[in-house]
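Okay, structure first, notes after.
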Amino acid sequence: MKKIILASNNKDKIKEVKEILKGYEVISLKEAGIDADVEENGITFEENALIKARAIAKLTGELTMADDSGLEIDALNKEPGIHSARYMGHDTSYDIKNRALLDRLKGVEGNDRSGRFVCAIAVVFPDGREMVKRGTMEGLIAKEIKGNNGFGYDPIVYLPEYGMTSAELSPEEKNKISHRGKALAMIKEELDLIK
Numbered sequence: 372m373k374k375i376i377l378a379s380n381n382k383d384k385i386k387e388v389k390e391i392l393k394g395y396e397v398i399s400l401k402e403a404g405i406d407a408d409v410e411e412n413g414i415t416f417e418e419n420a421l422i423k424a425r426a427i428a429k430l431t432g433e434l435t436m437a438d439d440s441g442l443e444i445d446a447l448n449k450e451p452g453i454h455s456a457r458y459m460g461h462d463t464s465y466d467i468k469n470r471a472l473l474d475r476l477k478g479v480e481g482n483d484r485s486g487r488f489v490c491a492i493a494v495v496f497p498d499g500r501e502m503v504k505r506g507t508m509e510g511l512i513a514k515e516i517k518g519n520n521g522f523g524y525d526p527i528v529y530l531p532e533y534g535m536t537s538a539e540l541s542p543e544e545k546n547k548i549s550h551r552g553k554a555l556a557m558i559k560e561e562l563d564l565i566k
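Whatever position you read off the sequence shown (first residue = 1), add 371 for the numbering used here.
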């Protein structure tokens, strides 16, 4: 079984990746005994994912995967974007962040509430090869927080074709259509070819 170091300590993200990459041994930074805080100073999701993957691959010499993901809201100039995790401060709860974003969208109606989840996943191989894939999940920003599944901004991203927010989908449904699910499917396809 191919081992992958996942450059993350986000328990929800780790769980999602492990569910989607069944057949691979996915190890979090904590499980690998790595205590590293990598500064994400890129200006795109792809750059940040590569910065993390390169740093951890250099430390471990192992096949390393990192993701950078977030929410882009068109009416807010694609905010919070690459700053999604740090938006309003690292320690601010997503309940507060989600309410603040909904407040900022007061008076914005219909398709003008468009937005998307973006996920860029980078893989760095021990021989130095690199690969990056991007997945998106388009939606509208809901008018209220709804749903208890998922995490982060899931309760405010409404998916018109499902008639519910991302946080109202079952984890299995979400993994099939989510930004992270799409990016991981592309990564898995490539990794499967080089087993």
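Glycine is no exception: its CB is placed at the ideal position from the N, C-alpha and C atoms.
Annotation for residue 561: 502 place their beta carbon closer than 7 Å to its own, counting only its chain and skipping 5 residues before and after. Listed in chain order, the alpha helix (DSSP H) runs fully inside the region 383–471 are 416–431, counting runs of at least 4 residues.
Residue 551: member of the alpha helix (DSSP H) spanning 550–564, first to last residue.
Distances from the alpha-carbon of residue 389 to those of 563, 409, 455, 555 put 555 closest. A direct Cα-Cα distance of roughly 5 Å separates residue 452 from residue 442.
In the structure shown, residue 481 adopts helical secondary structure according to DSSP, grouped into three states. The shortest C-alpha to C-alpha distance from residue 413 to any of 438, 430, 474 is the one to 438. The continuous stretches of beta strand (DSSP E) do not include residue 533, and DSSP gives it neither H nor E. Apart from the 5 residues on each side of it in sequence, residue 485 sits with its Cβ closer than 7 Å to the Cβ of 445, 511 in its chain, given in chain order.
Excluding the 5 residues flanking it on each side, residue 385 has same chain C-beta neighbours closer than 8 Å at 377, 379, 397, 399, in chain order. Remark: three or more beta-carbon pairs, one from each stretch, lie closer than 8 Å, so the region 419–428 and the region 481–495 are flagged as touching.
Annotation: the continuous beta strand (DSSP E) that includes residue 506 extends over 501–512. For residue 378, the three-state secondary structure derived from DSSP is coil. Under DSSP, residue 488 takes part in a beta bridge, and its partners are 442, 508.
Residue pairing by DSSP places residue 493 opposite 437, 503 in a beta bridge. When 434, 539, 465, 461 are compared, the shortest CA-CA separation from residue 518 is found for 539.
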